[in-house]
Amino acid sequence: MFNGKSILITGGTGSFGKKYVRTLLERYQPRRLVVLSRDELKQYEMQQTFNAPCMRYFIGDVRDGDRLMQAMQGIDYVIHAAALKQVPAAEYNPMECIKTNIHGAENVIRAAIANGVEKVIALSTDKAASPNNLYGATKLCSDKLFVAANNMTGGQKTRFSVVRYGNVVGSRGSVVPLFKKKAAEGADHLPITHPEMTRFWITLQQGVDFVLKNFSRMYGGEIFVPKIPSVRLTDLASAYAPNTPVKVIGIRPGEKMHEVMCPADDAHLTLEFADHYVICPTIKFYDADDDYRENALGEKGQPVPEGFEYQSGTNPDVLTVEAILQLDAEQ
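Each residue of the sequence shown is one higher than the last, beginning at 60 in the working numbering.
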């Protein structure tokens with residue numbers, strides 16, 4: 060569905076954006092592939108690898124609504140990946156996080172509707188489910204904005220959905236590069252926040268493939284959640300530095316012991332499919348009456364039990380040390 064189409068990705072110079080661009084160029088023949096981000100150095104470095112004739116690099120910030128209006132002219136599909144993501148940084152710089160993650164989301168929505176974009180998928184995070192930190196709270200607000208945006212289109216074709224998933228293996232700012240660096244330097248210990256902490260775990264390629272498929276699945280208004288494994292922080296430490304002791308440094312500001320992707324409070328809205336969950340919108344859309352139990356690809360889902368919660372600490376699919384290393388090798 061991406062052949063001959065124009066696609067824009069906000070925050071496109073990040074880990075996800077680069078993998079997304081690589082995948083699109085390998086599998087499809089897009090007419091235009093636009094990377095929008097605010098860092099000229101990262102764009103310059105990315106251009107050394109991704110310089111196909113269809114590529115376009117736009118300097119811009121999602122906080123700038125006028126720039127987004129201009130960038131989305133002639134665009135068919137948008138992937139909104141731009142965000143301020145560091146939990147402690149958001150706690151100390153709350154207004155900056157709000158400007159990017161909430162006001163930026165509103166700007167993306169307005170620009171997409173004004174330019175008649177066909178489909179928009181916004182990337183979310185497990186931290187948006189029952190949030191206890193500012194980053195998660197801003198992403199929950201962003202999720203709500205993108206779901207409600209389906210009622211703002213004024214009869215136009217633009218549709219919005221959300222993809223929510225967990226920690227990405229090896230992405231910038233994740234614990235894996237830190238553990239690898241410490242191990243390479245011969246550190247006498249690895250810092251972990253709590254020995255019982257767990258996280259959902261997904262590779263960049265798995266995340267990209269999930270987003271790609273959901274462009275075909277979506278009606279608009281869904282929050283798509285992949286079925287993915289969990290990891291224990293202690294197992295991560297054992298995988299990357301098996302002979303190095305760990306030192307518990309305490310939970311950082313705004314961190315959880317375990318992450319949730321489908322909260323129990325949303326169980327009455329949640330459908331289970333073969334390889335993913337869908338959280339249906341809490342509101343009705345004036346121009347649509349979609350039955351989310353069967354998606355646009357014909358895949359069928361079933362309601363989850365009352366009180367169901369998809370949480371990293373109770374997830375039955377937990378990666379072993381060997382499986383962690385195998386996933387890392389596939390990156």
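By construction, the Cβ of each residue, glycine as well, lies at the ideal position given by its N, Cα and C atoms.
What you are looking at is a predicted structure, and each value in this text was computed from that prediction instead of being measured.
### Message
My parser needs the beta strand (DSSP E) runs of 3 or more residues fully inside the region 250-297; what are they?
### Response
You should have 257-261, 282-285, 289-291.
### Message
Using C-beta distances below 8 Å, list every residue in its chain close to GLU358, excluding the 5 sequence neighbours before and after it, in chain order.
### Response
Counting only Cβ-Cβ distances below 8 Å, and skipping sequence neighbours, we find ARG276, PHE332, ALA333.
### Task
Using beta-carbon positions only, say whether THR159 and ARG122 come within less than 9 Å of one another.
Closer than 9 Å, so yes.
### Query
ILE172 bridges to which residues according to DSSP?
For ILE172, which the question treats as bridged, DSSP gives no partner whatsoever.
### Query
Are GLY163 and ALA141 close, meaning C-beta to C-beta below 9 Å?
Taking 9 Å as the Cβ cut-off, GLY163 and ALA141 qualify as a contacting pair.
#### Entry: Assigned secondary structure, CYS339 (DSSP; H/G/I helix, E/B strand, else coil)
DSSP places CYS339 in coil when its eight states are reduced to three.
### Task
Apply the 10 Å Cβ neighbour rule to HIS327 and answer buried if 16 or more other Cβ atoms are within range, or exposed otherwise.
Classification for HIS327: exposed.
### Query
Three-state secondary structure (DSSP) at PRO362?
Three-state result, PRO362: strand.
### Task
For ILE168, collect the residues of the same chain with a Cβ closer than 8 Å to its Cβ; drop the 5 residues on either side in sequence, then sort them by chain order.
Result list for ILE168: VAL179, LEU204, PHE205, ALA208, MET211, PHE219, in chain order.
### Query
Thinking C-alpha only, which one of GLY313, ALA242, GLN107, ASP324 is nearest ASN152?
Among GLY313, ALA242, GLN107, ASP324, the Cα nearest to that of ASN152 is on GLY313.
### Task
Using three-state DSSP, classify HIS327 as helix, strand or coil.
DSSP places HIS327 in helix when its eight states are reduced to three.
### Task
Return the residue from the list LYS144, LEU92, LEU143 that minimises the CA-CA distance to VAL137.
Residue LEU92 is the option with its Cα nearest to VAL137.
### Task
Would you kindly check if the distance between the Cβ of ASP349 and the Cβ of TYR278 is under 9 Å?
Contact annotation: TYR278 and ASP349 have beta-carbon atoms nearer than 9 Å.
### Query
Which same chain residues, not among the five before or five after SER371, have their C-beta less than 6 Å away from its C-beta?
The beta carbon of SER371 lies closer than 6 Å to those of THR257, ARG258, PHE259, SER289, HIS317, GLU318 in the same chain, with the five residues before and after it left out.
### Cβ neighbour criterion (16 or more within 10 Å) applied to PRO254
It counts as exposed.
### Task
Would you mind reading off the limits of the beta strand (DSSP E) that contains TYR87?
No beta strand (DSSP E) contains TYR87, which DSSP labels as neither H nor E.
### Query
Near PRO147, what residues of its chain come up, given a Cβ to Cβ distance below 6 Å and the 5 sequence neighbours on each side ignored?
In chain order, ARG311, PRO312 place their CB closer than 6 Å to the CB of PRO147, counting only its own chain and leaving out the 5 sequence neighbours on each side.
### Task
Pull up the distance between the alpha-carbon of THR341 and that of ASP202, whole angstroms please.
Distance between the alpha carbons of THR341 and ASP202 is about 12 Å.
### 7 Å Cβ shell around LEU50 - same chain, five flanking residues per side excluded
Within the shown structure, residues of the chain are numbered from 60 to 390, placing residue 50 beyond reach of any answer.
### Contiguous beta strand (DSSP E) assignments of at least 3 residues, all confined to the region 159-243
If we require 3 residues or more, the beta strand (DSSP E) runs fully inside the region 159-243 come out as 178-182, 218-222.
### Query
Is ILE66 buried or exposed, if buried means 16 or more other CB atoms sit within 10 Å of its CB?
Around the CB of ILE66, 16 or more other CB atoms lie within 10 Å, so the residue is classed as buried.
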